[in-house]
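Right, one structure below, let's go through it.
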Amino acid sequence: MREAFDGVAPVTDLGRATDEAALSLDVDGTAVVLDAAAVRERRDVVARSLD
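Counted the way this note's numbering counts, the sequence shown spans residues 8 to 58.
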């Protein structure tokens with residue numbers, strides 16, 4: 008993950024896996040939480056963005 012963001016944004020914490028079935032992000036003080044269904048709907052966007 009760090010390599011994917013090299014030169015774009017610093018990665019300070021990669022987090023950990025939980026059993027909550029959600030993706031939680033905190034970017035520069037802005038928090039975003041997506042449940043498993045929302046992540047599934049956005050997978051193609053994430054894949055394109057990281058390419």
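Glycine included, each C-beta is placed from N, C-alpha and C at the ideal position.
Other residues of its chain near residue i: CB distance less than 7 Å, five sequence neighbours each side excluded
{"i": "residue 24", "result": "none"}
Cross-strand partners of residue i (DSSP beta bridge)
{"i": "residue 40", "result": "31"}
Sequence-distant residues of the same chain with beta carbon closer than 6 Å to residue i, five excluded per side
{"i": "residue 43", "result": "28"}
Closest by C-alpha distance to residue i, when choosing among the options
{"i": "residue 22", "options": "49, 14, 13 and 9", "result": "9"}
For residue i, three-class secondary structure by DSSP
{"i": "residue 16", "result": "coil"}
{"i": "residue 55", "result": "helix"}
{"i": "residue 24", "result": "coil"}
{"i": "residue 9", "result": "coil"}
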